[in-house]
Each structure stands twice: as structure tokens, then as C-alpha cells.
Amino acid sequence: MTTKSQTRNLQGNYACALGAIAAGCRFFAGYPITPSSEVAEGMARELPKVDGVFIQMEDEIASMAAILGASMGGAKTMTATSGPGFSLKQENLGYGAMAEVPCVVINVMRGGPSTGMPTRPAQADIMQA
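Here the sequence shown is numbered in the working numbering, starting from 245 and rising by one per residue.
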């Protein structure tokens with residue numbers, strides 16, 4: 245058996261989206277927030293190709309609730325956020341952990357609050373995560 249390897253240059257956020265789909269993720273619910281928006285963009289572009297579902301939610305709280313519900317229904321689920329969005333997800337994240345609901349939450353951390361910094365990655369949320 246021969247395999248064909250291919251080298252690609254990808255942004256980390258898009259690589260997360262492709263990796264999730266390769267691992268079987270078929271449901272993504274999220275709310276756009278920099279610098280994690282590219283994860284949602286990648287999922288919106290790629291999920292329909294594998295009969296997956298992408299939903300842009302009205303806020304971060306609803307996106308966490310949506311992936312928990314879809315996971316309870318049997319789907320492999322994921323959401324992505326950053327900084328303040330991760331803070332808003334805490335109640336539902338705690339519920340998901342307590343109820344042992346499998347899901348993936350990507351936290352693309354950013355610096356802040358300051359002008360220009362929130363669009364760059366950082367490690368500000370490491371203790372919260």
C-alpha cells in the first residue's frame with residue numbers, strides 16, 4: 245500500500261478545523277470573535293462537504309449550549325472562542341463537565357484589554373482554561 249503525502253502551509257485556526265473534521269466532528273456552533281473567527285470560517289466552509297452542520301449562534305452562551313445538546317444527541321461537536329467569550333461559556337462548560345458530555349472547546353487566547361492587542365494570540369486565559 246502506498247500513501248501520497250502532501251505538504252501544506254495552514255494557519256493554526258484552519259488546521260484546527262480540518263483536524264476536527266478528520267477526527268469526526270460533524271457539528272459546530274459558534275459566535276465570531278477575534279482571533280478565533282478563522283476556526284468558524286473553516287468549519288463553515290468544510291463541514292457541508294462531509295454532511296456536517298455549522299450554526300452561527302446569537303452569543304457565546306448559546307453556542308456552548310448548542311454543542312452540548314448536539315453531543316447529547318450523538319454528534320461529535322465543537323465550538324471556538326476567545327477571552328471574554330470563554331468567560332461567558334463557563335456555566336454551560338461546567339454543566340458539560342459535570343454531566344460528562346463530550347465536546348471540544350477551542351480557546352484561542354488573546355492579550356488585552358488594549359488597542360491592537362485583542363487581535364493577537366496570547367496566554368492570558370491559561371489559568372481559566
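Backbone N, C-alpha and C fix where the C-beta goes; we use that ideal spot for every residue, glycine too.
Review point. Just to confirm, are isoleucine 265 and threonine 325 a CB contact at a threshold of 8 Å?
Key: For the purposes of this step, residue 265 is identified with residue 21 of the sequence shown, where counting begins at 1. For the purposes of this step, residue 325 is identified with residue 81 of the sequence shown, where counting begins at 1. Isoleucine 265 is not a Cβ neighbour of threonine 325, given a cutoff of 8 Å.
Notebook entry, point to check: Quick one: what's isoleucine 350 bridged to in DSSP?
Noted result: Counting from 1 along the sequence shown, the entry for residue 350 is found at position 106. Ala324, per the DSSP bridge assignment.
Measure the C-alpha to C-alpha separation of arginine 252 and tyrosine 258 and round it to an integer number of angstroms. The residue given as residue 252 occupies position 8 in the sequence shown. The residue given as residue 258 occupies position 14 in the sequence shown. Computed Cα separation, rounded: 12 Å.
**Prompt:** Can you tell me whether DSSP reads leucine 300 as helix, strand or coil?
**Reply:** The residue labelled residue 300 in the question sits at position 56 within the sequence shown. Residue 300 is actually glutamine in this sequence, not leucine. DSSP places glutamine 300 in strand when its eight states are reduced to three.
* **Identified DSSP bridge partners for phenylalanine 271** => For the purposes of this step, residue 271 is taken as the residue at position 27 of the sequence shown. Partner(s): Val297 and Thr321.
- Item | 8 Å Cβ cutoff met for alanine 309 and arginine 270 | To locate residue 309, count along the sequence shown from 1; it is residue 65. To locate residue 270, count along the sequence shown from 1; it is residue 26. Cβ atoms of alanine 309 and arginine 270: not closer than 8 Å.
Exercise. Starting from methionine 265, trace the alpha helix (DSSP H) both ways and give me its first and last residue.
Key: If you number the sequence shown from 1, residue 265 lands on position 21. First, the amino acid is wrong: residue 265 is isoleucine here, not methionine. From DSSP, the alpha helix (DSSP H) with isoleucine 265 extends over 256–266.
State the DSSP-derived secondary structure class of glutamate 335, mapped to helix, strand or coil. Position 91 of the sequence shown, counted from the start, is the residue given in the question as residue 335. Secondary structure at glutamate 335: helix, using DSSP grouped into helix, strand and coil.
Check your understanding: Considering only C-alpha positions, which residue in the set Pro328, Met287, Ser315 and Glu344 is nearest to leucine 262?
Key -> Sequence index remark: in the sequence shown, residue 262 carries index 18 (1-based). Closest option to leucine 262, judged by alpha-carbon separation, among Pro328, Met287, Ser315 and Glu344: Met287.
- Query: Rounded to a whole number of angstroms, what is the C-alpha to C-alpha distance between glutamate 302 and glutamate 344?
  - Reply: Taking the sequence shown and counting its residues from 1, one reaches residue 302 at position 58. Taking the sequence shown and counting its residues from 1, one reaches residue 344 at position 100. The alpha-carbon atoms of glutamate 302 and glutamate 344 are separated by roughly 25 Å.
Exposure label - valine 294; buried when at least 16 CB within 10 Å: Position 50 of the sequence shown, counted from the start, is the residue given in the question as residue 294. Burial state of valine 294 is exposed, judged by a 10 Å Cβ sphere holding fewer than 16 other Cβ atoms.
query: Quick one: what's got a C-beta closer than 6 Å to alanine 314's C-beta in the same chain, skipping five residues either side?
result: Taking the sequence shown and counting its residues from 1, the one referred to as residue 314 is at position 70. Same-chain partners within the cutoff: Phe271 and Thr321.
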